[in-house]
Amino acid sequence: MPALPKRYYYMFWLVEPFLTILGAGYAIFLPEKYASSLLPETVERSTIGIGATTRGQMVIGALGSCFFLIAMISFSLFPVIQSLPESPTKVSLVKALLIPLAIADLSHIVVTLIPLPISLFKSPANWTGLIHGNVTITIILFLVRMGWFLGIGIPSTEGTTPKRRRLPGSYGQVTVPLPPISPRWFDPHKHVDSPNTETTPDGSKRSPRKRRGRGA
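If you're matching positions, the sequence shown starts at 1 in full-length UniProt numbering and goes up one per residue.
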């Protein structure tokens, strides 16, 4: 079974990092517009210009830097993992990379939704594009990761390899191979001397004499 089919590979290697880089560039180069687009204009008007302040630019720039870091990790590691031969180690590497990303998906969704006013939280139709980017798109990415963990869309090789059948009572037993029988070791036509046969001085063989007791 392939550890990372093409549909998942291109999603994690190209699509997701590309979206993340877009968010990083938006936050780093346009912090004022990024801050004002986080909420509708009718919500919390006093903070709409936070992106123009020094504190706001530092916070938003740090967020963009984190986005950029995540994108670079995916860009660099997934091609390396994909180039490895299929093995349980490759599956473990993919899992080790997707687990923290899935946890980050959930935390990102939570920290985005918790500060929202209840009225805005219950009205996704009034969300801005940035809220949808931080919540809706992240949910989609999380579901794709869960699809990989559940094996959805991953071809299985089960049933293509014949299984070895065990004989009843053979569990725990070790089969010891016997050496091949050589004609030099075994010849059914060769006469086997009796253990009681004696060889005479002239080379002939005869049975030993029975010892007679005294008085015989």
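For each residue, glycine too, the CB sits at the ideal point set by N, CA and C.
Would the beta-carbon of residue i fall within 9 Å of that of residue j?
{"i": "residue 228", "j": "Gly51", "result": "The chain is shown from 1 up to 216; residue 228 falls before or after that span and cannot be answered."}
{"i": "Glu86", "j": "Met146", "result": "no"}
{"i": "Trp148", "j": "Ile140", "result": "no"}
{"i": "Tyr26", "j": "Phe78", "result": "no"}
{"i": "Tyr34", "j": "Ile60", "result": "yes"}
{"i": "Leu84", "j": "Lys90", "result": "yes"}
Near residue i, which residues of its chain fall below 8 Å by C-beta distance, leaving aside the five closest residues on each side in sequence?
{"i": "Asn126", "result": "Pro40 and Leu120"}
{"i": "Ala104", "result": "Ile70"}
{"i": "Trp13", "result": "Ser74, Phe75, Phe78, Pro79 and Gln82"}
{"i": "Lys6", "result": "none"}
{"i": "Lys163", "result": "Only weak support is given to the placement of Lys163: the predicted model assigns it a pLDDT of 48, under 50, and the value that follows is read from those uncertain coordinates. So the list is empty, once near-sequence residues are dropped."}
{"i": "Pro115", "result": "none"}
Please determine, among the options, the residue with the shortest C-alpha to C-alpha distance to residue i.
{"i": "Thr136", "options": "Leu106, Gly153 and Ser83", "result": "Leu106"}
{"i": "Leu113", "options": "Ala102, Ile131 and Pro100", "result": "Ile131"}
{"i": "Pro17", "options": "Leu150, Leu38 and Leu101", "result": "Leu101"}
{"i": "Leu150", "options": "Leu116, Lys122, Phe78 and Ile99", "result": "Ile99"}
{"i": "Pro117", "options": "Val43, Val110 and Tyr34", "result": "Val43"}
{"i": "Ser36", "options": "Thr128, Phe142, Val110 and Leu143", "result": "Thr128"}
{"i": "Leu30", "options": "Ala62, Val110 and Val15", "result": "Ala62"}
{"i": "Thr54", "options": "Glu32, Arg45 and Ser46", "result": "Glu32"}
Quick one: what's got a C-beta closer than 7 Å to residue i's C-beta in the same chain, skipping five residues either side?
{"i": "Val94", "result": "Ala3, Leu4 and Ile81"}
{"i": "Ser156", "result": "Met1"}
{"i": "Met11", "result": "Val144"}
{"i": "Gly133", "result": "Gly23"}
{"i": "His108", "result": "Asn134 and Thr138"}
{"i": "Ile21", "result": "Phe68 and Ala71"}
{"i": "Val111", "result": "none"}
In chain order, what residues of the same chain lie with their CB nearer than 6 Å to the CB of residue i, ignoring the 5 residues before and after it?
{"i": "Ala24", "result": "Gly64, Phe67 and Phe68"}
{"i": "Phe75", "result": "Pro17"}
{"i": "Leu38", "result": "Leu130"}
{"i": "Glu158", "result": "Because Glu158 sits at a pLDDT of 45, beneath the cut-off of 50, its placement in the model cannot be relied upon, and the point is left open."}
{"i": "Ile28", "result": "Gly61 and Gly64"}
**OP:** Run through the UniProt domain "DUF7704" (3-152) for me and flag every whole beta strand (DSSP E) of 3 or more residues, listed as ranges in chain order.
**Re:** none
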